[in-house]
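Listed in order, the protein sequences are those of chains W and S.
Counting in my numbering, the first sequence runs from -4 upward without gaps.
Counting in my numbering, the second sequence runs from -4 upward without gaps.
Where a beta carbon is used, it is the ideal one built from N, C-alpha and C, also for glycine.
There are 2 protein chains.
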Amino acid sequence: MTTELLTPAEMADLVGVSVDTLRYYERERLISGVGRADNGHRRYDADDVAWIRVLRCLRDTGMTIDQLRHYCDLGEQGVTTKPERLAMLRDHRAKVEARRAEIDRALELIDHKIDIYLNEAAGDAP
Amino acid sequence: MTTELLTPAEMADLVGVSVDTLRYYERERLISGVGRADNGHRRYDADDVAWIRVLRCLRDTGMTIDQLRHYCDLGEQGVTTKPERLAMLRDHRAKVEARRAEIDRALELIDHKIDIYLNEAAGDAP
DNA sequence: GCTTGACCTGGAGTGCACTCCAGGTTGTTG
DNA sequence: CAACAACCTGGAGTGCACTCCAGGTCAAGC
C-alpha cells in the first residue's frame, strides 16, 4: 500500500504551519529525505508527519532552529549519537518544566492583580 | 522618609532587565512618571518597582509591547477604564493558561520521545 | 586637573524565525 | 486552449523586542 502521501498544503494544514515554513525548515536541514512525486512536487509520508509534529513541539517550547539542526545532524550521524540526543531532550525537558513553573508564578501575580481590581471596585478608593 | 530611590543600574539588577530595556520601555510609554535626581538622572521609587515587575510578568507571558502600551494608556485615562483593563488582564490570563496546557502536552510528548530512546537502548532495534 | 564610570539623548543596528516575491513549470477544469 | 491553482527555486523582506552607538554631562577619586 502507498500509505497516504501528503502534499505540502495538506501537511501544512495537518500540523498547523505554513507551506513556506515547511520549506524553510527543509532549507535549514530540520527536515530531510522528503520524497518527490514524478513532477518534482514534495510528498510527505507518515514518518515526516511524526517528525514534524515533534519538531513543532520542540519549537513551540522554545528550542531554537540552531539547536534543532544540531539534533537533526546527530540523527544523521547514526546510532552512536543517541546518548547526546537523549541528553538534549532531557535538557530541553528541564527548561520546559522551568518555564511552566515561571508561568505558574505569573498566573499567581496576574490573579493577584485581578483581585486588586475587583476589590478596588468594591471599596472604590481614590 | 525618602523611601529608597533606585538608580537605573539598581533597578535593572533588581528586576532582571538591562538599563537599555528600561529606557526602551519608557520610550514606548510602558513606564511613565519616573522621577529625576537634580542632575537629571532617573530615580525609581517603590511604585515603579511594583509596576515594572508586573510589566515583566506580562511581557514574559507573551503580552506584546503594543498591548502593554494600550493597557498603560488606559491607566492614564483614569478610573473609567478599569473595566477594560480588567478585561485585558482576564483575557491575558486565559491565554497564559492555554499556554500552560500546551506546555503540559509538550512535556508528555517529550517524555514519550525520551521513553522511546530508553527502550531502543534496551532492545536495540535497527 | 584629569580620568573614570554612571548617566543622558536620539537614532541606528541586530538576531531570530519566519514570510513574501519573482519568475517558472505542471496539471486540471470549463 | 485558456485560465487557474498548486507547486518549484533562490533570494529578499518583515516584525518584534530589544541592544548598541555616538556624542555629551556630571561627580567622585587619585
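- Per DSSP, the unbroken alpha helix (DSSP H) holding W:D61 starts and ends at I60 to E71.
- Shown here, W:L113 sits in a helix according to DSSP, grouped into three states.
- At a cut-off of 7 Å, the C-beta of W:A93 has no neighbouring C-beta in chain S.
- Per the coordinates, the alpha-carbon of S:Y19 lies some 38 Å from the alpha-carbon of S:L104.
- Cβ neighbours of W:I60 within its own chain (closer than 6 Å, five residues either side excluded): E23.
- Among the CB atoms of chain W, none fall inside 7 Å of the CB of S:Y19.
- Interface annotation for the region 41 to 62 of chain W against chain S: R48, V49, C52, L53, D55 and T56, criterion Cβ-Cβ distance under 9 Å.
- Note that the C-beta distance between W:R38 and W:L0 is below 7 Å.
- In this chain, the alpha helix (DSSP H) harbouring W:A45 covers A41 to D55.
- Listed along chain W, the residues sitting closer than 7 Å to S:K108 by beta-carbon distance are V49 and L84.
- In the DSSP assignment, W:L17 falls within the unbroken alpha helix (DSSP H) covering V14 to R22.
- Taking a Cβ-Cβ cut-off of 9 Å, W:L9 has no neighbours in chain S, whose nearest Cβ is about 16 Å from it.
- When the alpha-carbon of W:D55 is set against those of W:A32, W:V12, W:I109 and W:T2, the nearest one is in W:V12.
- In the structure shown, S:L25 falls within a coil segment according to DSSP collapsed to helix, strand and coil.
- Fewer than three pairs of CB atoms, one per stretch, sit closer than 8 Å, so the region 81 to 90 of chain W makes no contact with the region 75 to 84 of chain S.
- The beta-bridge partner set that DSSP reports for W:R88 is empty.
- Judged by DSSP secondary structure, S:V10 falls within the alpha helix (DSSP H) whose first and last residues are P3 to V10.
- Between S:I109 and the set W:L113, W:R100 and W:E79, the nearest pair of CA atoms involves W:E79.
- At a cut-off of 7 Å between beta-carbon atoms, W:A89 makes no contact with chain S.
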